[in-house]
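**Q**
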DNA sequence: GTCATTTCTTAAGGTATCTTATTTTTAATT
DNA sequence: AATTAAAAATAAGATACCTTAAGAAATGAC
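Protein chains in written order, with the numbering used here: chain L, 23 to 194; chain C, 23 to 194.
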């Protein structure tokens with residue numbers, strides 16, 4: 023979709039931060055290798071994961087990227103990674119894009135929206151156990167790859183409680 | 023964006039249902055007048071509101087519309103309303119759309135995505151009181167227009183508890 | 001291979017939010 | 001206006017989930 027071949031590439035190590043909550047971002051990131059997360063830290067200092075981005079995913083704070091407002095999230099590498107930088111000059115103005123690119127974008131946006139809508143329904147109406155089971159079905163490779171505490175943060179429970187959930191599931 | 027002028031128009035009364043959870047939808051709806059909601063009913067029979075759609079908003083189950091799979095939500099009029107029907111033949115295939123339309127779509131999708139992302143962050147990391155206050159700031163007209171129990175359902179608390187929240191806020 | 005660090009598990013007590021039920025207020029219908 | 005129905009407020013008891021804390025297991029560093 024984006025012109026990754028000519029894009030600027032950046033290598034980052036685990037723990038490295040590409041965007042800090044409250045800052046205005048210049049870039050979106052396309053993940054070539056590794057895995058990133060975006061997350062918000064609440065008043066109590068707790069971290070809540072908005073998104074995981076393994077290979078071939080994009081990650082950014084879309085509002086900060088588009089409207090140059092402070093970001094609600096931080097973006098950090100959870101593995102050693104390589105990303106392509108997507109800049110506003112390349113991608114900020116849709117009218118500069120080719121029709122073909124716009125169609126690809128529309129399809130990806132739609133798929134993203136479908137997944138995001140499902141997540142909201144889950145947060146509103148599913149039990150934490152069901153949210154965990156859905157996560158394992160939707161992202162089986164991430165379940166292997168990520169520590170429990172990151173998954174807990176994504177589905178909206180504490181690591182201790184997810185540990186309880188797992189034990190209850192195992193007992194069945 | 024869509025060709026509302028030639029679209030099929032439908033008048034519906036309060037309480038009328040346009041889509042039932044589990045069914046496959048043929049249409050999306052653009053609201054000309056009135057207000058609709060989409061909601062999921064959980065195992066315990068409780069209703070959880072995904073979206074409100076007042077005038078000039080679109081509403082549908084995007085996954086059901088796009089992929090012809092069972093809908094996760096029902097769509098119902100919460101006021102007497104008039105909607106324009108958006109069919110898959112008009113809007114299912116992006117390659118048939120004009121570039122101008124695709125650009126409009128990309129902008130609307132982006133704005134929608136920004137709002138939806140914020141809602142997820144709110145559900146994960148804000149207190150219920152903060153979620154309510156944010157709702158009143160983001161949708162001041164809807165706060166006047168909608169009964170408390172629908173707002174409670176949207177922000178993810180029971181009506182009784184939202185009533186408590188309001189009382190606490192008023193005491194300050 | 002040992003030591004240090006991080007992750008995971010387990011458990012007890014606490015809090016936010018829910019459930020159920022009753023009363024009051026508001027809105028809809030005739 | 002009177003009647004009915006729906007919405008909102010209030011309160012007491014129940015529960016899902018959190019907090020804190022400690023020990024066990026796994027992972028990474030030297």
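Quick reminder that beta carbons are idealized off the backbone N, C-alpha and C, glycines included. Because the structure is a prediction, the values reported are computed rather than measured.
On the DSSP bridge assignment, give the partners of residue 63 of chain C in chain order.
**A** C:69
**Q** Since residue 79 of chain L and residue 95 of chain L are thought to touch, with beta carbons under 8 Å apart, how far apart are those beta carbons, to the nearest angstrom?
**A** With a Cβ gap of about 15 Å, residue 79 of chain L and residue 95 of chain L do not count as contacting.
**Q** Under a Cβ-count criterion, where at least 16 other Cβ atoms within 10 Å of its own Cβ denotes burial, should residue 58 of chain L be classed as buried or exposed?
**A** buried
**Q** Tell me the residue span of the beta strand (DSSP E) that contains residue 113 of chain L.
**A** Per DSSP, residue 113 of chain L belongs to no beta strand (DSSP E); it is in the alpha helix (DSSP H), 110–113.
**Q** Look at residue 151 of chain C and residue 191 of chain C and say whether their C-beta atoms are less than 8 Å apart.
**A** Taking 8 Å as the cut-off, the Cβ atoms of residue 151 of chain C and residue 191 of chain C count as close.
**Q** Of all the options L:64, L:165, L:112, L:160, which has the alpha carbon lying nearest to the alpha carbon of residue 138 of chain L?
**A** L:160
**Q** What do you reckon, are the CB atoms on residue 106 of chain L and residue 29 of chain L nearer than 8 Å?
**A** Yes, Cβ-Cβ distance for residue 106 of chain L and residue 29 of chain L is below 8 Å.
**Q** For residue 174 of chain L, go through chain C and note every residue whose CB falls closer than 7 Å to its CB, in chain order.
**A** Those within 7 Å of residue 174 of chain L in chain C number zero; the least Cβ separation is about 11 Å.
**Q** For a contact defined as C-beta to C-beta under 7 Å, what are the partners of residue 85 of chain L on chain C?
**A** 136
**Q** Just the Cα atoms here: how many angstroms apart are residue 93 of chain C and residue 83 of chain C?
**A** 6 Å
**Q** Starting from residue 32 of chain C and walking both ways along the beta strand (DSSP E), at which residues does that stretch end?
**A** 31–34
**Q** Would you report the Cα separation of residue 47 of chain C and residue 71 of chain C, rounded to the nearest angstrom?
**A** Their Cα atoms are separated by approximately 18 Å.
**Q** Along chain C, which residues have their Cβ under 8 Å away from the Cβ of residue 143 of chain L?
**A** Neighbours of residue 143 of chain L on chain C, chain order: 62, 70, 72, 94, 95.
**Q** How about residue 56 of chain L: is its C-beta nearer than 8 Å to some C-beta of chain C?
**A** no
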